[in-house]
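S.K.:
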Amino acid sequence: MSDDETSGRSLARAHLSQLIELFGTDGCLRISTGSSEPDPAAVTAEPEGDERT
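Each residue of the sequence shown is one higher than the last, beginning at 5 in this note's numbering.
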């Protein structure tokens, strides 16, 4: 086995590990997101420059 073959297999194993982290062994994509609740400041904030007097 040559060094090129060995490094190619190492890259393939690393790639496979990344895919398993993303999809698990059952094939379902795993996505981790932040909080699903909106930021209260963003919801209640008024747009700037929209004041009418």
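Built from N, CA and C at the ideal position, the CB exists for glycine as well.
(1) Here's a check: name, in chain order, each residue in its chain whose Cβ is nearer than 6 Å to the Cβ of T29, leaving out the five neighbours to either side.
(2) I believe R34 touches L26 by the beta-carbon criterion, under 8 Å. Please report the beta-carbon distance rounded to the nearest angstrom.
(3) Hey, how far is the Cα of S21 from the Cα of S14?
(4) Please report the residue range of the alpha helix (DSSP H) in which I24 lies.
M.R.: Checking against the coordinates, here is how it stands:
(1) There are no such residues.
(2) Your pair R34 and L26 checks out as a contact, with CB atoms roughly 6 Å apart and the cut at 8 Å.
(3) Taking the straight line joining both Cα atoms gives about 11 Å.
(4) Run containing I24: 7 to 27, per the alpha helix (DSSP H) assignment.
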